Each structure stands twice: as structure tokens, then as C-alpha cells.
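Q: One gets the working numbering by counting positions in the sequence shown from 1 and adding 59 to each.
Ideal placement from N, C-alpha and C gives every residue a C-beta, glycine not left out.
These numbers come from a predicted model, not from an experiment.
Would you mind keeping the following structure in view while I ask a few things?
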Amino acid sequence: MQISKRSLYDYAIIGAGISGACVAYFLKKSGKNVVVIEKDDIASGGSGAAGAFLSPKICSKSRYTSFINDSFSYAIKFYRENFPEFLDEKGILRILRSEDEIKKCRDLEDFMPKDFRYLNSSEIDILNQNSCKFGGYFFSNGAVIDASGVISQMIKDIDLLKPLHVEHLEMVDGVYNIGDIEAKGVIICAGASEDFEQISYCGLKNIFGHRVDIETSTIVPFHLHKECSISASRDGIVHVGATHIPNYKYDKSKDYTKEIDEMLEKAKSYIDFKEFSVKNIYFGARNSTQDFFPVTGEVIDAKETLKKYPYIKKGTLVPREKYLFHKNLYICAGLGARGFVLAPKLASYLTQRICKETHIDKTIDTQRVFIRYVR
Ligand SMILES: Cc1cc2nc3c(=O)[nH]c(=O)nc-3n(C[C@H](O)[C@H](O)[C@H](O)COP(=O)(O)OP(=O)(O)OC[C@H]3O[C@@H](n4cnc5c(N)ncnc54)[C@H](O)[C@@H]3O)c2cc1C
60 MQISKRSLYD
70 YAIIGAGISG
80 ACVAYFLKKS
90 GKNVVVIEKD
100 DIASGGSGAA
110 GAFLSPKICS
120 KSRYTSFIND
130 SFSYAIKFYR
140 ENFPEFLDEK
150 GILRILRSED
160 EIKKCRDLED
170 FMPKDFRYLN
180 SSEIDILNQN
190 SCKFGGYFFS
200 NGAVIDASGV
210 ISQMIKDIDL
220 LKPLHVEHLE
230 MVDGVYNIGD
240 IEAKGVIICA
250 GASEDFEQIS
260 YCGLKNIFGH
270 RVDIETSTIV
280 PFHLHKECSI
290 SASRDGIVHV
300 GATHIPNYKY
310 DKSKDYTKEI
320 DEMLEKAKSY
330 IDFKEFSVKN
340 IYFGARNSTQ
350 DFFPVTGEVI
360 DAKETLKKYP
370 YIKKGTLVPR
380 EKYLFHKNLY
390 ICAGLGARGF
400 VLAPKLASYL
410 TQRICKETHI
420 DKTIDTQRVF
430 IRYVR
């Protein structure tokens, strides 16, 4: 929905990726008057590049693994209930790479999200037997979501201001003036953007990558993941993802054909595709914090807080209530390589924080990244 007149909103959400769309959707459901502002187009950042696989994490028991898997279950339920037409729930096969991995996974079974079964290689006939000789875990609720479809649908009844590149955020007389609109609050959901100095303490870094869409008549019946991910086929198209461009730097002058070809060779070593032609290549950034947990909540005024409590740098604990914050400025970012898994849960936490003043867990709030930054 485009905007025709000057308006005052409760919240302006910067970024029309999956985090901005989820935050806008949840806030609107809670009765807030919101606008989404996008410098380019819907899903033009990392969200448009993603394979958008929704799969659980199989890893030793840790807060991070629990957080990912709780978010995974939440996301599947959320998309299934609200946007089923964009969810391709064909299940996802996590192919194992060694006897050791089988043993490790067996020990973790109690800890995995439900609805899985182990398949041995003879039960996986779509794959070259050599690539799946150790079998794999099939998660029947693993899925792929249509990224731009679901984002467009989420914000379909929400005002959208695009293209507008927000370069400066300042509250004057209780409102943020952005282009032709005013907002009482702003939520930065700008992914890899380095535009906002207010959030520089979050230490966000980018890991770039490609997804390639392949045209093939081979029917891939479910989604699968080993060293690369391959989606189930839909209308003759299969997604293959993703490359990882190291050192967090994207060099525009560099040719990434080698990285893309290596990924496609891996995909071909798993499945004997009948035809295999590259239809499209997408490129974007995964945006992460230093400890890989996402970050959401009120944006701390890092400069003023440090001025008032300089001893935080030496490790003295200052209670969060005493911190200074940018008024009505929030962030939802650092979704890493699992943006479509994390965004619904983060948006729900942030909305409850804004509307009901609930507490945001320490593992994902802005204080932890601030403390890491000052020390
Ligand atoms: C190759 C690749 C494969 C991936 N595969 C998966 C996967 O299989 N499963 C999964 O869950 N996740 C995957 N991810 C991760 C996922 O894509 C990201 O975590 C997610 O897209 C982040 O969403 P976001 O909304 O935070 O950021 P983005 O999608 O980057 O959105 C941010 C938006 O903000 C806009 N913006 C930025 N600055 C400004 C400004 N100053 N003014 C106005 N607008 C601005 C940008 O144009 C952009 O549209 C993958 C990522 C990549 C790159």
C-alpha cells in the first residue's frame, strides 16, 4: 500500500525484509499504526537472496541450539497458520557425513524438535548413494518459504514508503521526521545497513552469499541439506544455496564464479539432475552479531551511557534501568543465516516489549552487545 498524504504513525519500520515485515505485521495486529520504509524494494536485501529453508539445528545442547529450535517450531506454526500458501512443507533431510555424526546425532535425539526419523541410504533413492552412505535425519516439518511472496503478503495492508533511503534519524519535538512522514517511534530492521550510527555498538557484521535457482525436469521430492542446501522442486525450479564469501567483505570487482561453481558441483554430486541450467543468481548478506544471537529491543544511547557510567568499561555492573536509551528507537537485527526461522519469534518478543512492557531475554537484548562493545 503506497502513501498519498503526510501522516503521523506510531512506528516507522525501516527495512522491508523478513524482520521488518514480521515486526510491522505483529505491531499492526497489536493495534499500532505503522509504516514500512524501504530504500529499494520488498525483499531486496538478504531476504531476497535467501533459500529461505526452515530447518532445525542439530547440535549439542546449548542455549543457542534451544533458542534456534524453539524459534523454528514457532516459525513453522506461525507461517502455517497465517501464510500457508507460501510454505512448502515437504520436509527436510539433513544428510549425515560420517559414522561419528550418526553417533553424535543419536545422542541428541531427545533434544531435537519432534517429527523426525532416521533414514538409511537405501531409503533415500533420489540421492546418489555415495553422497548419503551414512543416511540422514528427515524432519517432516522442515520447509521452505517463498521469501518475497510471504513478505509482500505480510505487509499488504500496511503503508509502504519506497524507495526512500533513510540516512539520518533524529527525534525532534517527540517525533522522527522521515521524508514526508512523522513517527513517534522507529524500529531499525535494516539488515546489513551501516547507515545508523546509533546502532554501531551492536557490532553487526556481514557474511555475503549467493543462492542459485536451477531449471531442471528432475523432481526433487523434499528439501535437503548437506554442505549445500537443495530445495524440493516447484514448477521445474530448484533453489541451491548458499555460498559463503569469507572475511565479511564483498568486493564488487571480484568474480565469484568459482564459489558458485563449487556449490553447484556439490549439488550435482548429491543428485543426478537430468537437465541443469542456471535460471537466476541472487546475492545478499547475512547479518550477524559477534556471538551469533540476534539482537532486539531498545537502542541504548552508547555515548551518553558511557559518559555517565565510564566504569562500565572496567566491568562494573550497572543495572539496565539506569542505562540511557534513544527515545522510542528499537532494533531487530543480526538474524544471521536463519532469518526466516528467527524473525517471527523476535517480532513477537519486540511487540510484547513495546505494547506490554514485557522483559526481553538477556541473550537477545541490546545490553549484551553493548557490554561486549565497551569491554
Ligand atoms: C545467500 C543467503 C542464503 C540464506 N539462506 C537462508 C535460509 O535458507 N534460511 C533462513 O532462515 N535464512 C537464510 N538466510 C538469512 C536471511 O536471509 C537473513 O537472516 C534475513 O534475510 C535478514 O532479514 P532482515 O530483514 O534482517 O534483512 P534484509 O533482508 O537485508 O532487509 C533489510 C532491508 O532494509 C533495507 N534498508 C537498509 N538500510 C536502509 C535504509 N537506510 N533506509 C531504508 N531501507 C533500508 C534494505 O534495502 C533491505 O531491504 C540467507 C541469507 C543469504 C545471504
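Cutting at 7 Å between CB atoms, please list the residues of its own chain near K91, excluding the five before and the five after it.
A: Along the sequence shown, read from residue 1 onward, the residue named residue 91 stands at position 32. D69 and Y70.
Q: For the alpha helix (DSSP H) containing V400, list its first residue and its last residue.
A: Position 341 of the sequence shown holds residue 400. Its alpha helix (DSSP H) spans residues G398 to K415.
Q: Rounded to the nearest angstrom, how far is the Cβ of K120 from that of F170, given a contact under 8 Å?
A: Translated into the one-based positions of the sequence shown, residue 120 becomes position 61. Translated into the one-based positions of the sequence shown, residue 170 becomes position 111. Contact flag correct, Cβ pair sits at about 5 Å.
Q: Is the beta carbon of F399 within less than 7 Å of some heavy atom of ligand 1?
A: In the sequence shown, the residue the question calls residue 399 occupies position 340. F399 Cβ: within cutoff of ligand 1.
Q: Figure out for me which residue from A402, S130 and K327 has the closest Cα to the Cα of H298.
A: By one-based count along the sequence shown, residue 298 stands at place 239. Among A402, S130 and K327, the Cα nearest to that of H298 is on K327.
Q: Between V234, Y408 and A249, which has its C-alpha nearest K243's C-alpha?
A: One-based indexing of the sequence shown puts residue 243 at position 184. Considering only alpha carbons, the answer is V234.
Q: Would you call the CB atoms of T422 and E357 closer than 8 Å?
A: The residue you call residue 422 lines up with position 363 of the sequence shown. The residue you call residue 357 lines up with position 298 of the sequence shown. Against a cut-off of 8 Å, the Cβ pair of E357 and T422 comes out as no contact.
Q: To the nearest angstrom, how far is the alpha carbon of F17 from that of A396?
A: In the structure displayed, the chain extends from 60 to 434; residue 17 sits before or after that span and is not available.
Q: Ligand 1 and N346: does any heavy atom of the ligand fall closer than 7 Å to the residue's C-beta?
A: Along the sequence shown, one-based indexing puts residue 346 at 287. Yes.
Q: Any beta carbon of chain B sitting closer than 8 Å to that of K366?
A: No chain B appears in the structure shown, which is made up of a single protein chain.
Q: Below 7 Å, is the gap between the Cβ of H224 and the nearest heavy atom of ligand 1?
A: Numbered from its first residue, the sequence shown carries residue 224 at position 165. Yes, Cβ of H224 sits closer than 7 Å to a heavy atom of ligand 1.
Q: Give the list of continuous alpha helix (DSSP H) stretches no shorter than 4 residues that lie fully inside the region 111 to 142.
A: DSSP runs (the alpha helix (DSSP H)) wholly in the region 111 to 142: 122 to 141.
Q: If I measure Cβ to Cβ from A102 and keep anything under 6 Å in the same chain, skipping five residues before and after, which residues do I get?
A: Here residue 102 corresponds to residue number 43 of the sequence shown, with the count starting at 1. If we look at A102 and ignore the five residues flanking it on each side, its Cβ neighbours are A206, S207 and I210.
Q: Under a three-way DSSP split, which group does S181 fall into?
A: Working through the sequence shown from its first residue, we reach residue 181 at position 122. S181 falls in the helix class under three-state DSSP.
Q: Name, in chain order, the residues that DSSP records as bridge partners for K264.
A: As a first step, residue 264 is located in the sequence shown; it is residue number 205 there, counting from the start. The partner list for K264 (beta bridge, DSSP) reads S347.
Q: Find out if the Cβ-Cβ distance for the pair A361, M213 is shorter than 8 Å.
A: On the sequence shown, position 302 is the one that residue 361 refers to. On the sequence shown, position 154 is the one that residue 213 refers to. Not closer than 8 Å, so no.
Q: Helix or strand or just coil, what does DSSP make of E241?
A: Locating residue 241 in the sequence shown gives position 182, where the first residue counts as 1. Strand.
Q: Whose C-beta lies closer than 7 Å to the C-beta of Y408 among residues of the same chain, with five residues either side of it excluded?
A: Within the sequence shown, the letter at position 349 stands for residue 408. T355 and I419, listed in sequence order.
Q: Which residues in the same chain as I192 place their Cβ atom closer than 7 Å to its Cβ, once the five residues preceding and following it in sequence are excluded?
A: Position 133 of the sequence shown, counting from 1, holds the residue named residue 192. The sequence shown places Lys at residue 192, not Ile. Only S180 meet the Cβ criterion.
Q: For Q257, is the classification buried or exposed, using 16 other Cβ atoms within 10 angstroms of its Cβ as the cut-off for buried?
A: Here residue 257 is taken as the residue at index 198 of the sequence shown, counted from 1. By the neighbour-count rule (16 or more Cβ atoms within 10 Å), Q257 is buried.
Q: CB of F112 to nearest heavy atom of ligand 1: below 7 Å?
A: Locating residue 112 in the sequence shown gives position 53, where the first residue counts as 1. Yes - ligand 1 has a heavy atom lying nearer than 7 Å to the Cβ of F112.
Q: If we count Cβ pairs, one from each stretch, closer than 8 Å, do we get three or more for the region 285 to 303 versus the region 105 to 116?
A: Enough Cβ pairs lie closer than 8 Å, so yes.
Q: Please state if the CB of I151 and the CB of F281 are separated by a distance shorter than 8 Å.
A: By 1-based counting over the sequence shown, the position of residue 281 is 222. By 1-based counting over the sequence shown, the position of residue 151 is 92. In this structure, I151 lies closer than 8 Å to F281 by Cβ.
Q: Assign F170 to one of three DSSP states: helix, strand, or coil.
A: Sequence index remark: in the sequence shown, residue 170 carries index 111 (1-based). Of the three classes helix, strand and coil, the one that applies to F170 here is helix, per DSSP.
Q: Since I believe V95 is in contact with Y260 (beta carbons under 8 Å), could you give me their beta-carbon distance rounded to a whole number of angstroms?
A: One-based indexing of the sequence shown puts residue 260 at position 201. One-based indexing of the sequence shown puts residue 95 at position 36. The pair is not a contact, with the Cβ atoms about 25 Å apart (cut-off 8 Å).
Q: In whole angstroms, what is the alpha-carbon distance linking E226 and F255?
A: As a first step, residue 226 must be located in the sequence shown, where it is residue number 167. As a first step, residue 255 must be located in the sequence shown, where it is residue number 196. Taking the straight line joining both Cα atoms gives about 7 Å.
Q: Report yes if the CB atom of V82 is closer than 8 Å to the CB atom of C248, and no otherwise.
A: Looking up residue 82 in the sequence shown gives position 23. Looking up residue 248 in the sequence shown gives position 189. Their beta carbons are under 8 Å apart, which means V82 touches C248 by this criterion.
Q: Which same chain residues, not among the five before or five after Q188, have their C-beta less than 7 Å away from its C-beta?
A: Start at 1 with the first residue of the sequence shown, and residue 188 comes out as number 129. Excluding residues within five positions, the ones whose Cβ falls inside 7 Å are S180.
Q: Compare the Cα-Cα distances from E148 to each of Y138, I154 and K325 and report the closest residue.
A: By 1-based counting over the sequence shown, the position of residue 148 is 89. Looking at the Cα atoms, Y138 is the closest of the given residues.
Q: Please state whether the Cβ-Cβ distance between G107 and G343 is less than 8 Å.
A: Translated into positions along the sequence shown, residue 107 becomes position 48. Translated into positions along the sequence shown, residue 343 becomes position 284. Yes, the pair counts as a contact, with Cβ atoms nearer than the cut-off.
Q: Per DSSP, what kind of secondary structure is T364 in: helix, strand or coil?
A: For the purposes of this step, residue 364 is taken as the residue at position 305 of the sequence shown. Helix, per DSSP.
Q: Who does I273 pair with in a DSSP beta bridge?
A: Indexing the sequence shown from 1 puts residue 273 at position 214. Its beta-bridge partners are V297 and V337.
Q: Hey, is C248 close to ligand 1, as in C-beta under 7 Å from one of its heavy atoms?
A: Mapped onto the sequence shown, residue 248 falls at position 189. Yes, ligand 1 has a heavy atom inside 7 Å of this Cβ.
Q: If you draw a straight line from the C-alpha of E321 to the C-alpha of L376, how long is it?
A: Counting from one through the sequence shown, the residue named residue 321 turns up at place 262. Counting from one through the sequence shown, the residue named residue 376 turns up at place 317. Distance between the alpha carbons of E321 and L376 is about 48 Å.
Q: For the alpha helix (DSSP H) holding V377, just list the boundary residues, first then last.
A: Within the sequence shown, residue 377 is the residue found at index 318, counting from 1. From DSSP, V377 is part of no alpha helix (DSSP H); its letter is neither H nor E.
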